[in-house]
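Structure, as structure tokens:
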Amino acid sequence: GQSLEQPSEVTAVEGAIVQINCTYQTSGFYGLSWYQQHDGGAPTFLSYNALDGLEETGRFSSFLSRSDSYGYLLLQELQMKDSASYFCAVRANTGGFKTIFGAGTRLFVKA
Amino acid sequence: EPEVTQTPSHQVTQMGQEVILRCVPISNHLYFYWYRQILGQKVEFLVSFYNNEISEKSEIFDDQFSVERPDGSNFTLKIRSTKLEDSAMYFCASSRTTGGVTEAFFGQGTRLTVV
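So the sequence lines, in the order shown, correspond to chains A and B.
Just so we're aligned: the first sequence equals residues 1 to 111 in the working numbering.
Just so we're aligned: the second sequence equals residues 112 to 226 in the working numbering.
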């Protein structure tokens, strides 16, 4: 089966940098995605890593190490609106493609 | 901007009743998914659908569940005989490709309450 581990909660101050880690176990690994979800809303796509290394998209960056089965999401210049849940998700092909989500990390941004 | 739309936004049903949740994926997308999220918990994969058939399903997706693409635009999830524990937010998602950058677009969800 698949499993993902990420911290349940992180708190940081406005303007700071925060890193949310994710470790995973799966067969048929294809890539690691990150989604943001505000309360009551739908998950929205942030980034996707299929290869090792860092992908940067504005204030958000995502990193993957396939050999370590590990990735992280880096949020810079935190804003209050970044307060949300962040899910890492493994894309895997186990006879069919599916995306399995981690339990989510609740980010609280304080003034 | 194209989006995935889901109806209804809220559905209350009695235990044992059948419900159909409806989704209109983005028009040029080929892969469709249903996920559910019990309040306060993680998003759970239910099923993926491609080329008019189920591509993958999870252990949650038992015989009480079925999916259908009845026409060129709709994608439905049917729960035959609802149970209290089926109460959750159900998200439909679609993506254009399965490999490469797999940006899945999610609908706003249907909140199902079974009483």
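Yeah, the Cβ is synthetic: ideal placement off N, Cα and C, and Gly gets one too.
Tell me the residue span of the beta strand (DSSP E) that contains residue i.
i	result
A:Gly31	29 to 37
A:Leu73	70 to 75
A:Asn49	44 to 49
B:Phe156	154 to 161
B:Arg133	130 to 135
On the premise that residue j lies in contact with residue i, defined as a C-beta separation below 8 Å, what is that separation, rounded to the nearest angstrom?
i	j	result
B:Val226	B:Val158	About 25 Å separates the two Cβ atoms, so there is no contact after all.
A:Asp82	A:Leu107	6 Å
A:Ile20	A:Tyr72	6 Å
A:Cys22	A:Leu4	6 Å
A:Ala42	B:Phe186	About 16 Å; that fails the 8 Å criterion.
B:Val115	B:Val135	7 Å
Using CA coordinates, which residue listed in the options is at the minimum distance from residue i?
i	options	result
B:Met200	B:Phe217, B:Ser206, B:Arg207	B:Phe217
B:Thr193	B:Gln128, B:Thr116, B:His121	B:Gln128
B:Glu196	B:Thr116, B:Gln125, B:Glu114	B:Gln125
B:Gln219	A:Gln37, A:Ser8, A:Val109	A:Gln37
A:Arg59	A:Leu78, A:Ser67, A:Pro43, A:Ser65	A:Leu78
B:Tyr142	B:Arg180, B:Arg133, B:Asp173, B:Gly151	B:Arg180
Rounded to the nearest angstrom, what separates residue i and residue j at their Cα positions?
i	j	result
A:Thr94	A:Ala111	44 Å
B:Ile149	A:Ser85	14 Å
B:Asn163	A:Arg91	21 Å
B:Thr224	B:Gln117	16 Å
B:Ile137	A:Ser27	29 Å
B:Glu155	A:Gln2	12 Å
B:Glu170	A:Gly15	42 Å
B:Gly211	B:Tyr144	Bear in mind that the predicted position of B:Gly211 carries a pLDDT of just 48, short of 50, making it unreliable; the figure below should be weighed with that in mind. Computed Cα separation, rounded: 17 Å.
B:Arg147	B:Lys168	13 Å
A:Gly96	B:Tyr161	10 Å
B:Gln152	A:Gln6	13 Å
A:Ser65	B:Arg191	42 Å
For residue i, list the residues DSSP reports as bridge partners.
i	result
A:Gly1	A:Gly1 pairs with nothing; no bridge assigned.
B:Met73	Examination of residue 73 of chain B is not possible in this model, given that chain B is present from 112 through 226 alone.
B:Glu214	DSSP output for B:Glu214 lists no bridge partner at all.
A:Val90	A:Leu32, A:Ile100
B:His121	B:Arg222
A:Arg106	A:Glu9, A:Ser85
A:Asn21	A:Tyr72
Is residue i near the ligand SAH, going by C-beta to nearest heavy atom under 7 Å?
i	result
A:Gln37	You won't find the ligand SAH in this model; it holds no ligand whatsoever.
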